[in-house]
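Novice: Sending over a structure as structure tokens; questions will come in a sec.
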Amino acid sequence: MDTLESFPLAPAWGFTVGTVGRGLVFFGIGLFAVAALAPLFGRGERARRLSFWAMGAGAGAVVLVMACLIILLLGQQYQYLYVFNNTTRDMPTVYRFSAAWAAQEGSFLLWVMMSAVFAVLALRRVSPLHRSYVVIAGLFLAAMLAIVAYQSPFRIPGELVDAQGRIHMPPTGSGLNPVLQNYWMAIHPWVIFIGFGSLLALFCWAAAAAIAGDRKDWVLRVRPWAVFSMLFLGVGLTMGGLWAYETLGWGGFWAWDPVENVSLVPFLTCAALVHMLYLTANRGVASRWTVVLGLVPFLTFVYGTYLTRSGALVNVSVHSFAKMTEGAHGVLAGIVIATFLGTLALSVLAFKKGEAPPSRPPGSRGWGMTSGVLLLYLIAVIAGAGMSRPFFSALGGGSAQVVAEGEYNRFTAVPYMLATLLLAIVPFLGWKQTRSGRWGQVANVFLVAVLLFGVVAMGLVFSGLTMDAPTQQESLPLFQQIFRKPELLLFFLLIFTTVFAITGNTWRLIERLRAKSGGWAGFLTHIGVAVLLLGLVVSRAFEKSATAVITPSHPQQLVIGPARYLAMLDRLPSHEEVFSPESTIPIRLESLNDRFHSWTAEPVFFYERMAALLRGELRPVTRPYIKRATLYDLYLAIGEPSSEFVGEFTMEPGEVKEFEGGQIQVKYVAATREGEPGKPGAKFGAQLVVSYEGREFNANPQLVLTKSGMERQGARVGVDFLAVLERIDAGTQEATLRLDFQEPYVYTQLFFKPLTGLVWLGAGIMTVGGVLAIRQVGRRAPKPTDAPDEVT
Amino acid sequence: MKFGAILAIVVAIAGVGMTLYAFLSSASPYVSAREAAANPGKRVHVAGEIDHSSVRMSLGMGAFEFDLIDEHGERLRVRYGKAKPGNFDMAPKASVSGQYWDGVFVADELRTQCPSKYEAAK
Chain A
0 MDTLESFPLA PAWGFTVGTV GRGLVFFGIG LFAVAALAPL FGRGERARRL
50 SFWAMGAGAG AVVLVMACLI ILLLGQQYQY LYVFNNTTRD MPTVYRFSAA
100 WAAQEGSFLL WVMMSAVFAV LALRRVSPLH RSYVVIAGLF LAAMLAIVAY
150 QSPFRIPGEL VDAQGRIHMP PTGSGLNPVL QNYWMAIHPW VIFIGFGSLL
200 ALFCWAAAAA IAGDRKDWVL RVRPWAVFSM LFLGVGLTMG GLWAYETLGW
250 GGFWAWDPVE NVSLVPFLTC AALVHMLYLT ANRGVASRWT VVLGLVPFLT
300 FVYGTYLTRS GALVNVSVHS FAKMTEGAHG VLAGIVIATF LGTLALSVLA
350 FKKGEAPPSR PPGSRGWGMT SGVLLLYLIA VIAGAGMSRP FFSALGGGSA
400 QVVAEGEYNR FTAVPYMLAT LLLAIVPFLG WKQTRSGRWG QVANVFLVAV
450 LLFGVVAMGL VFSGLTMDAP TQQESLPLFQ QIFRKPELLL FFLLIFTTVF
500 AITGNTWRLI ERLRAKSGGW AGFLTHIGVA VLLLGLVVSR AFEKSATAVI
550 TPSHPQQLVI GPARYLAMLD RLPSHEEVFS PESTIPIRLE SLNDRFHSWT
600 AEPVFFYERM AALLRGELRP VTRPYIKRAT LYDLYLAIGE PSSEFVGEFT
650 MEPGEVKEFE GGQIQVKYVA ATREGEPGKP GAKFGAQLVV SYEGREFNAN
700 PQLVLTKSGM ERQGARVGVD FLAVLERIDA GTQEATLRLD FQEPYVYTQL
750 FFKPLTGLVW LGAGIMTVGG VLAIRQVGRR APKPTDAPDE VT
Chain B
0 MKFGAILAIV VAIAGVGMTL YAFLSSASPY VSAREAAANP GKRVHVAGEI
50 DHSSVRMSLG MGAFEFDLID EHGERLRVRY GKAKPGNFDM APKASVSGQY
100 WDGVFVADEL RTQCPSKYEA AK
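Chains as they are written, first to last, in numbering that gives the first Met the number 0: chain A, 0 to 791; chain B, 0 to 121.
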């Protein structure tokens, strides 16, 4: 209670904003319900207008809810649990803003907001299917917003309300996880959630098409929206990978984590939809299947959301959110079940209702694209099955089973290879039949790809990147390297098919540009995707890493593939510097061969200031240092500097303890005492004999009684260790000891990541291509009409 | 539908089914600390709380060690031979993958969880 009284009273405006935010959540639910129900109870223009208005107002209400949350975050209203848990007073404004989607409640709100905004934006384009569309979208949005009502970001803990009902405000919050305090936090969630949000519009559109029996018109209208969803999901996924690479210090972009798969599966199913829409729009084939495929991305997303947000994967994912409140969990489970049953029912309807448009022979291109779609689905099914494995194995009462990252790579390698082969060849195939000239072009592209691949492979082999450190001195021919390391063959096959895809699409892009015939943005997007994948495959396949423990006076060698460095610890941050987020540990990497330059890495290391001030905790934060060169990244990750070797252990006089598998022996000979107990200057010690590396050292660590209390005086053991006496029992003479290093050490891991620049380059090309594709496809879509429903 | 098409569909479904079966069979289980220790050499996963006071550098091994306390309160000594993940020192929980060997769980994968997203049910 004393603590509560010491907190100032929360300002009235903060309470008002929170109350408005909470009220708008319920208002939004009501508006979405009106939007859904109006067309069911009225059929005229009035009902239509009412439902449109209610949808727009509902979306506006959700945007305002987000605005309220952001105002509370920026206004530092720490009486709200969400604000307290995710911000501090000394945080930069951009991170206080980004905290709006950093935790469970805020990210649900972001999802609902994006879904509502896109559902409304698509509303006019969806005509003449608006009736079914608005009913389904309204119901889903009302349910999704109900999750926010249960899992509210506007919760004030009862502990902050005093006996008079007044609300007190803590002076600051506990802060955002420093891993999330990164520029990507301000960009990545928005981009990926725009993609996630747009999936609801796609689902409702496909559902309305299934109900109305529309097999053609919706295909033309929905295409730019589907490309939009695919683009934002793809770019969002890539940004997530780049963020992990730059921040987490494990040197990779992708780890097949369940949360990554939850984003990947909707992206793959969305990419499959985009290609089926192209096929249906151009040849009229598989129009029923296209409707079904339009339902799947949203279904996979809500299912994945349930897996990761419900706590089902709490122990098996890097990203797992903890359990939701019971009410929110129930609503989300209801949404998943409704989506699943709805997809089943609508799929049946899609096959029963409406007439398929006249279809023309799909030809080899049609079959090639269908095969590509099936391969995308195969990869999606593998990723989806892998992420579901722990959930279903635990559901049956057994222990959760997880699939290792390597197994994902192994099982998706063949579909990946086949998909990239199709990506290379299909653009050359004809709708009816493929002319022999086209096959000649494929052959030419193949030869160019072989040439390019040869250059890439030779570059990789002669740079030594394909060899492990122990064999790098030997210059073995490629076939012998492959014989010694069979997975190299698989990597080279993956690289070849990807290079083939880049070459084929570049050929077609140039052809289209020269002919000024339009429709080339798809090829540009394919090139971007393939370049990105090439970067991922090469950087993963030929990654090298080495670890070393370095101290200021003990440099260590780091050998990674062709590079050999002597790693030297320049200096450690001072006590003043170590709480600054800008604090770095300079590590000099002196090159021991001529091919590589010497350089200094400056990985970030600091202790979180607020954790130290509020709770007296030392929470270290480290970030890797990335030295980017044209053809590779050198990536240095570090651990927290420490001098601790063996933590507290207790011994009785005469006892011997062994450490490091017997390499170090400590014998506690006897307790020692100097001076008069209870008086300043009295010393209590433990006489030790420490043996290592065949030598014996005497040490007498002591506790010295001073006016301000007990002080520890460590005793040097040889040139490496320091023995420290923590406590000693005056009666039994049992001593609690610690063995430290005399110098602080830093654990370092250096990665050599070749061609990572391709990931950035590919992402850029993919984005430009995707945006242009939306424009090109959008031009061909019918204009929005105000026509009433064709079929009801 | 032609017999050839039916056959192709059956073969494709069987192929996908077998691929999925093999893929899912490659999964390895999450076990308790006691079960991990009772099955040396078997690849398993263990999840639990990190005892941050137990983190030690292992001399000569180029690895760091720490105790993981599973949901039954049992401790497992874990050795990890790569750099600590950037958020290890802030993470309340972790899961490790690897094999128990000679009194220590030798992990080749270490996953930590973000504390800000790791909230108790309210």
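No residue lacks a Cβ here, since even glycine has one placed at the ideal position from N, Cα and C.
Measure from the alpha carbon of residue 162 of chain A to the alpha carbon of each residue in A/574, A/3, A/515, A/394, then state which is nearest.
Specialist: With distances taken between Cα atoms, residue 162 of chain A lies closest to A/3.
Novice: For the structure I just gave you, are there three or more beta carbon pairs, one from the segment 115–126 of chain A and one from the segment 47–54 of chain A, closer than 8 Å?
Specialist: With a cut-off of 8 Å, the segment 47–54 of chain A and the segment 115–126 of chain A count as touching, because enough Cβ pairs lie within range.
Novice: Under 8 Å between C-beta atoms, does residue 6 of chain B make it to chain A?
Specialist: Output row for residue 6 of chain B: interface = no.
Novice: Which residues does DSSP list as the beta-bridge partners of residue 633 of chain A?
Specialist: Paired residues: A/626, A/751.
Novice: Evaluate residue 639 of chain A with the Cβ neighbour count: other Cβ atoms within 10 Å of its Cβ, from every protein chain shown; 16 or more gives buried, anything less gives exposed.
Specialist: The residue in question, residue 639 of chain A, is buried, as its Cβ has 16 or more Cβ neighbours within 10 Å.
Novice: Buried or exposed: residue 469 of chain A, going by 16 or more other Cβ atoms within 10 Å of its Cβ?
Specialist: With a pLDDT of 44 at residue 469 of chain A, under the threshold of 50, the modelled position of that residue is not reliable, and the figure given next carries that caveat. Exposed.
Novice: Count the other C-beta atoms from every protein chain shown that fall within 10 angstroms of the C-beta of residue 305 of chain A, then say buried if there are 16 or more, exposed otherwise.
Specialist: Per the 10 Å Cβ criterion, buried.
Novice: Any Cβ of chain A within less than 8 Å of the Cβ of residue 44 of chain B?
Specialist: Closer than 8 Å: yes.
Novice: Can you tell me the Cα-Cα spacing of residue 473 of chain A and residue 494 of chain A, whole angstroms?
Specialist: In this prediction, residue 473 of chain A has a pLDDT of 49, which is less than 50 and means its spatial position is unreliable; nothing more can be read from the coordinates.
Novice: If you measure beta-carbon to beta-carbon, which residues of the segment 19–30 of chain B are closer than 8 Å to chain A?
Specialist: Those would be 19, 21, 22, 23, 25, 26, 27, 28, 29, 30, in chain order.
Novice: Counting only runs of 3+ residues fully inside the segment 14–71 of chain B, write out the beta strand (DSSP E) ranges in chain order.
Specialist: Correct list: 43–57, 62–68.
Novice: Measure the alpha-carbon distance for residue 90 of chain A versus residue 66 of chain A and round it to whole angstroms.
Specialist: Spanning the two alpha carbons is a distance of roughly 19 Å.
Novice: Since residue 363 of chain A contacts residue 289 of chain A with CB under 8 Å, what's their CB separation in whole angstroms?
Specialist: The Cβ separation is near 20 Å, so there is no contact.
Novice: Ignoring anything shorter than 3 residues or poking outside the segment 676–747 of chain A, list the beta strand (DSSP E) runs there in chain order.
Specialist: Listed in chain order, the complete beta strand (DSSP E) runs (minimum 3 residues) inside the segment 676–747 of chain A are 682–691, 694–698, 701–705, 708–712, 714–716, 720–727.
Novice: Less than 8 Å between the beta carbons of residue 441 of chain A and residue 452 of chain A, yes or no?
Specialist: Taking 8 Å as the Cβ cut-off, residue 441 of chain A and residue 452 of chain A do not qualify as a contacting pair.
Novice: The alpha helix (DSSP H) with residue 18 of chain A in it runs from where to where?
Specialist: It spans 11–40 - the alpha helix (DSSP H) in which residue 18 of chain A sits, taken as one unbroken run.
Novice: Just to make sure I have the definition right: I need the residues of chain A whose C-beta is within less than 8 Å of the C-beta of residue 74 of chain B. Which are they?
Specialist: Under the 8 Å cutoff, chain A gives no residues; its nearest Cβ is about 14 Å from residue 74 of chain B.
Novice: Give every residue of the same chain whose Cβ lies closer than 6 Å to the Cβ of residue 77 of chain A, excluding the five residues on either side of it in the sequence, and list them in chain order.
Specialist: The answer, listed in chain order, is 83, 168, 169, 172.
Novice: Taking 8 Å as the threshold (beta carbon to beta carbon), is residue 381 of chain A in contact with chain B?
Specialist: Output row for residue 381 of chain A: interface = yes.
Novice: Would you check if the segment 134–145 of chain A and the segment 29–42 of chain A touch, i.e. whether three or more CB-CB distances between them fall below 8 Å?
Specialist: With the cut-off at 8 Å, the segment 29–42 of chain A and the segment 134–145 of chain A touch.
Novice: Residue 519 of chain A lies in the alpha helix (DSSP H); which residues open and close that run?
Specialist: Neither: residue 519 of chain A is in no alpha helix (DSSP H) and is coded neither H nor E.
Novice: Using a Cβ-Cβ cut-off of less than 8 Å, list which residues of the segment 331–363 of chain A approach chain B; keep chain order.
Specialist: Against chain B - using a Cβ distance shorter than 8 Å - the segment 331–363 of chain A contributes no residues.
Novice: Could you tell me whether the Cβ of residue 469 of chain A comes closer than 8 Å to any Cβ of chain B?
Specialist: Only weak support is given to the placement of residue 469 of chain A: the predicted model assigns it a pLDDT of 44, under 50, and the value that follows is read from those uncertain coordinates. False, the Cβ-Cβ gap to chain B never drops below 8 Å.
Novice: Is the separation between the beta-carbon of residue 262 of chain A and that of residue 231 of chain A shorter than 8 Å?
Specialist: Taking 8 Å as the Cβ cut-off, residue 262 of chain A and residue 231 of chain A do not qualify as a contacting pair.
Novice: When the Cβ atoms of the segment 143–153 of chain A are set against those of the segment 9–19 of chain B, are three or more pairs found closer than 8 Å?
Specialist: The segment 143–153 of chain A, when compared against the segment 9–19 of chain B, does not touch it at the 8 Å Cβ threshold.
Novice: Chain A beta carbons: is any one of them nearer than 8 Å to that of residue 9 of chain B?
Specialist: Output row for residue 9 of chain B: interface = no.
Novice: Near residue 119 of chain B, what residues of its chain come up, given a Cβ to Cβ distance below 6 Å and the 5 sequence neighbours on each side ignored?
Specialist: Only weak support exists for where residue 119 of chain B lies, its pLDDT of 35 falling under 50; the coordinates are left without a value.
Novice: If you check the beta carbons only, do residue 572 of chain A and residue 559 of chain A fall under 8 Å apart?
Specialist: No.
Novice: Straight-line CA distance for residue 715 of chain A to residue 694 of chain A?
Specialist: Rounded to the nearest angstrom, the two C-alpha atoms are 14 Å apart.
Novice: Please list the segments of the beta strand (DSSP E) lying wholly inside the segment 248–312 of chain A, counting only runs of 3 or more residues, in order along the chain.
Specialist: Entirely contained in the segment 248–312 of chain A, not one beta strand (DSSP E) run reaches 3 residues.
Novice: DSSP state of residue 189 of chain A, grouped into three classes?
Specialist: In this structure, residue 189 of chain A counts as helix in the three-state DSSP scheme.
Novice: List the endpoints of the continuous alpha helix (DSSP H) containing residue 769 of chain A.
Specialist: Taken as a continuous stretch (DSSP letters only), the alpha helix (DSSP H) holding residue 769 of chain A covers 756–779.
Novice: Under DSSP, the beta strand (DSSP E) around residue 327 of chain A begins and ends at which residues?
Specialist: From DSSP, residue 327 of chain A is part of no beta strand (DSSP E) but of the alpha helix (DSSP H) over 325–351.
Novice: Less than 8 Å between the CB atoms is what I'm expecting for residue 103 of chain B and residue 78 of chain B, so what's the real figure, rounded?
Specialist: Yes, residue 103 of chain B and residue 78 of chain B are in contact; Cβ-Cβ is about 5 Å, under 8 Å.
Novice: Buried or exposed for residue 406 of chain A, please, with buried defined as at least 16 other CB atoms from any protein chain shown within 10 angstroms of its CB.
Specialist: Buried is the call here.
Novice: Tell whether a beta-carbon distance below 8 Å holds between residue 389 of chain A and residue 214 of chain A.
Specialist: Not a contact, by the Cβ cut-off of 8 Å.
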